[in-house]
Amino acid sequence: HLSIFTSLLASSGISADLDRRTSLTILAVPNSHLRFSPTASPATLADVLRCHVLLQYLTWSDLRRTPPAGALVTTLLQTTGYAPTNLGSLNITFDPCSSS
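In terms of our numbering, the sequence shown opens at residue 7 and continues consecutively.
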């Protein structure tokens, strides 16, 4: 179930940003893995959610072809102007032994 993650995208206003974009990969977090920090501000929560939105579409095959050193992928956070240089990017890796 992804209902909490989906609700957070909507309540943070991020879903409106997604409507204007194409070719995205969303790293959705299942309800069972979400934990909330009572001290996290709405802005911090929105930035964490933006890190879960990759600005390119990646298939399972694409991920399996990731080089051993990984691949830098830009997230929605990078578009906010809050992340200097490439701090709004994630290094995607793939372990062929565990398929993760």
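C-beta atoms are modelled at their ideal positions from N, C-alpha and C, and glycine is treated no differently.
Reduced DSSP category for residue i - H, G, I as helix; E, B as strand; rest coil
| i | result |
| --- | --- |
| A77 | strand |
| V9 | In the sequence as presented, Val is not what sits at residue 9; that position holds Ser. DSSP places S9 in helix when its eight states are reduced to three. |
| L51 | helix |
| L64 | coil |
Contacting residues, own chain, Cβ-Cβ under 8 Å from residue i (five flanking each side not counted)
| i | result |
| --- | --- |
| L175 | Any property of residue 175 remains undetermined from this structure, which presents the chain solely from 7 to 106. |
| D53 | L83, T86 and Y88 |
| G19 | A52 |
Neighbourhood of residue i by C-beta, 7 Å cutoff - its chain only, sequence neighbours within 5 removed
| i | result |
| --- | --- |
| I32 | H58 and V59 |
| H7 | P36 and N37 |
Residues that DSSP places opposite residue i in a beta bridge
| i | result |
| --- | --- |
| S95 | T80 |
Neighbourhood of residue i by C-beta, 6 Å cutoff - its chain only, sequence neighbours within 5 removed
| i | result |
| --- | --- |
| L40 | I10 |
Pair within 7 Å by beta-carbon distance, residue i and residue j
| i | j | result |
| --- | --- | --- |
| L117 | T80 | No information on residue 117 is available, as it lies outside the stretch 7 to 106 that the chain covers here. |
| S29 | Y63 | yes |
Complete runs of the alpha helix (DSSP H) confined to the stretch 13 to 42 [at least 4 residues] = 20 to 25
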